[in-house]
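There are 2 protein chains.
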Amino acid sequence: MTSPFVAGPPVRIAGAPRGPLAGMTFAAKDLFDVAGHPTGGGNPDWARHHPVPTRHAWAVQRLLDAGATLIGKTVTDEVSLGILGENPFDGTPLNPKAPERVPGGSSSGSASAVAQALCDTALGTDTGGSVRVPSSFCGLYGIRPTHGRLDLTGMMPQAPSSDTTGWFARDAQTFARVSETMLGEPIPASLPQRLVVAVDAFGFADAGTAAALQPMVRRLSALMRETREDVLAPPGLSVWARAQQTLQRHEAWLTFRDWIDRDNPRLAFSVARNLALAGTSSDSERQWAALMRSEARARLGWLLPPGTVLCLPTTPFPAPRKGLSLATLDPLRARIGCLTAHGGLTGMPQVNLPGSDVDGLPVGLSILGARGSDAALVAVANAMEASR
Amino acid sequence: MTSPFVAGPPVRIAGAPRGPLAGMTFAAKDLFDVAGHPTGGGNPDWARHHPVPTRHAWAVQRLLDAGATLIGKTVTDEVSLGILGENPFDGTPLNPKAPERVPGGSSSGSASAVAQALCDTALGTDTGGSVRVPSSFCGLYGIRPTHGRLDLTGMMPQAPSSDTTGWFARDAQTFARVSETMLGEPIPASLPQRLVVAVDAFGFADAGTAAALQPMVRRLSALMRETREDVLAPPGLSVWARAQQTLQRHEAWLTFRDWIDRDNPRLAFSVARNLALAGTSSDSERQWAALMRSEARARLGWLLPPGTVLCLPTTPFPAPRKGLSLATLDPLRARIGCLTAHGGLTGMPQVNLPGSDVDGLPVGLSILGARGSDAALVAVANAMEASR
């Protein structure tokens, strides 16, 4: 049983004595700087050549200032390159809802710590799905905010055009309180009134997962004035996923190549392979991917005017078993990417709603809204929990 | 200062009480099975899923039966994929002749242990240069025998069409005694009579290295009846190197892909990258490489009839400094490959002769002979030491 917290001296920093989150505890993925503690990044060769930070990351400081107390730094997939939460150096944090299964990643320890009730909330990062996927697999509320909205100072980058800071909670009330602090705006009382059900995404998910989410879709629909079905990605979810993978991997390669060149770091084969192959992508592939990104942004701008939310399965299936082979996992990773790629590609905010399961294994329903509609999505989360 | 021996319980197995090597000590690269001890292969994720061997490798048994005592297992580059001897898990064994420099690899610990006089001889493996390069960098006698001549049972494979078992010694007499045992034939008293100086290989080496080897070339020439200059690789040393790299990497990929698939092992980025890129080579590239291999074998068959040896610089330069960046090392590795590729490509035996240096850093002169002429090459080594 692997701890969700990174090894090393304990980390505990008391929050401000008064504040909206006073009395709450939180953990931070080991991609966020905490002054006086090395930022490990999930890899034994990262901290060695990166100085110990002297300032807290913006997100950490934000929660401390609001009164929450930091109680630990959490395990992450190596330099955030992973979606399952199996780190060969630090182990696989427990998924308490599915102990034989992965917790999801890369914000694996943050999701695990919250799911185990070791803290009230936890900071994660989401570039290609790293908050949304562990939220779905561990049965948590989780948000990928609008890209560019939060200050990412002190957060280890991966692919800057897709990187976001997100957070987890077990219940909607805690989720809303933390979200108010992080977003810097109140959660509105009124809800969006139009729901789009993404038929391509539901069709892409495993049949059992799509079926398990239907009661939640009905409850969600009952909160709205109108519901319609539409396609999220007209060119194909797999086409969007390909574009996002091309752009994200290339940016990750640019982010990490100096470190790789200097340190020749130890990495899981799958992580090294993806970086190595990213280094060989062609200009024309990347040019095409950038055009597809523009089209995807336009599509979601049209599909999601203010007051509209779209729902889709967060992941196509519940958490896979731990320790599967690469040949088994690579196609699963690719399928997950088809349901998460729109996030990094378009920057729209997304919230995972827990509450469904397939044979006891959590699967989440995601709601997606226009840029800047983060608080409205959190309001929907609140209303969904109240409607149970 | 990293030990040349792998971590773990001490390994000591007494040799047969009588025998030609009685009283001698040896070490074995951690690619050779030693009954009761895990074969680590230079990677923390190798032994986990490979059973502890119950029999000694053929080469280990051969030396034990001849009376030599095994005193340890030695550090190797990860699964023998490396030429410099920097293992991020086990460290870099000391090159006592050049303490700020790498020892060469992948038989790094075996070369280091012999060079430090911690044992009389040591077993290595040579697929793409893994005995020849550390011999050159550490100033040792070292042999890559005729491919297919020795029984490789119990030796971890890399690229079977190129894999060989080799060994190191500090002096020619010890080298000859061990060689008689390993080859199973006496070292002849008579010497080859014709020397070919590989002008392309000398031209390819750094000027300082080529110049440093000239006195050895002259002494070698003085032992022969005739000396002439010729080209080793008419299509280009770099063309042979490309063919060998294509074939060797592809075979290594076939050797390790099941392990990689099952374990997603931790590997240095450079090792994982080369395996990942090997997995993408095309049929047509490999078909071309196989044709070039046939031509290279024909070339050396014609160039090296029995009674003829060819000499060339073993490496184009002495040992590089430790801890250089990938961007610096990759071109150096490629240049080393140009002077070693003929070994794996053609299977001809080769012996490294120590005795030269560039500013105090060892560089070796190699002699290459016809298939099966291993003992004749050892005889030349003996005569060269006697002629000093």
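So the sequence lines, in the order shown, correspond to chains D and B. Going left to right, the first sequence walks through residues 1 to 388 as my numbering numbers them. Going left to right, the second sequence walks through residues 1001 to 1388 as my numbering numbers them. Every residue gets a Cβ at the ideal spot worked out from N, C-alpha and C, and that includes glycine. Bear in mind that the values here come from a model prediction, so they are computed numbers and not experimental data.
Annotation: residue 352 of chain D is outside any alpha helix (DSSP H); the continuous beta strand (DSSP E) that includes it extends over 350-358. Between residue 60 of chain D and residue 123 of chain D the beta-carbon gap is near 7 Å, inside 8 Å, which marks them as a contact.
Residues of chain B with a Cβ closer than 8 Å to the Cβ of residue 270 of chain D are, in chain order, 1264.
Assigned with DSSP and collapsed to three states, residue 384 of chain D falls in helix. With fewer than 16 other Cβ atoms inside 10 Å of its own Cβ, residue 387 of chain D counts as exposed. Only those residues of the segment 1234-1262 of chain B whose C-beta falls short of 7 Å from the nearest C-beta of chain D are listed: 1260, 1261, 1262.
Taken through DSSP and simplified to helix, strand or coil, residue 166 of chain D comes out as strand. Listed as beta-bridge partners of residue 1155 of chain B by DSSP are B:1032. For residue 100 of chain D, the three-state secondary structure derived from DSSP is coil.
The Cβ neighbour count for residue 1134 of chain B, taken over all protein chains shown within 10 Å, is at least 16; the residue is labelled buried. In the DSSP assignment, residue 194 of chain D falls outside any alpha helix (DSSP H) and within the unbroken beta strand (DSSP E) covering 194-198. Residue 1277 of chain B has a beta carbon lying within less than 8 Å of a beta carbon in chain D. In the three-state reduction of the DSSP assignment, residue 1281 of chain B falls in the coil class. Burial check for residue 225 of chain D: the Cβ neighbour count within 10 Å stays below 16, so the residue is exposed. Residue range 141-144 is occupied by the beta strand (DSSP E) that includes residue 142 of chain D. Inter-segment contact for the segment 281-289 of chain D and the segment 319-337 of chain D is absent: fewer than three beta-carbon pairs are separated by less than 8 Å. With a threshold of 16 other beta carbon atoms within 10 Å, residue 1230 of chain B falls short and is exposed. If you ignore the 5 residues before and after residue 25 of chain D, its C-beta comes within less than 7 Å of the C-beta of 68, 69, 71, 119, 120, all in its own chain and listed in chain order. In chain order, 272, 276 make up the part of chain D whose C-beta sits under 7 Å from the C-beta of residue 1273 of chain B. Minimum Cα-Cα distance from residue 138 of chain D among the listed residues D:148, D:157, D:102, D:50 corresponds to D:102.
Residue 56 of chain D places its beta carbon 8 Å or farther from that of residue 27 of chain D. In summary, the residues of the segment 305-328 of chain D whose CB is separated from some CB of chain B by less than 8 Å are 325, 326, 327, in the order they occur in the chain.
Between the alpha carbons of residue 227 of chain D and residue 211 of chain D lies a gap of roughly 18 Å.
Within chain B, the C-beta atoms nearer than 9 Å to that of residue 267 of chain D come from 1266, 1267, 1268, 1269, 1272, in chain order. With respect to chain B, the C-beta atom of residue 331 of chain D has no partner C-beta closer than 8 Å.
Residues of the same chain with a CB within less than 8 Å of the CB of residue 1016 of chain B, apart from the 5 flanking positions on each side, are 1022, 1064, 1065, 1066, 1067 in chain order.
For the C-beta of residue 1103 of chain B, not a single chain D residue is nearer than 7 Å; the gap to the nearest is close to 17 Å. Contact of residue 1088 of chain B with chain D is assigned, a C-beta pair being separated by under 8 Å. Here residue 58 of chain D is not near residue 79 of chain D, since their CB atoms are 8 Å or more apart.
In this structure, DSSP gives residue 1226 of chain B an extended state, which the three-state scheme calls strand. Under the DSSP assignment, residue 364 of chain D falls outside any alpha helix (DSSP H), being part of the beta strand (DSSP E) whose first and last residues are 361-369.
Between residue 1108 of chain B and residue 1085 of chain B, the C-beta gap is smaller than 8 Å, which places the two residues in contact. If the five residues before and after residue 147 of chain D are omitted, its C-beta is found closer than 6 Å to the C-beta atoms of 164, 347, all from its own chain and listed in chain order. With fewer than 16 neighbouring CB atoms inside 10 Å of its own CB, residue 302 of chain D falls in the exposed class.
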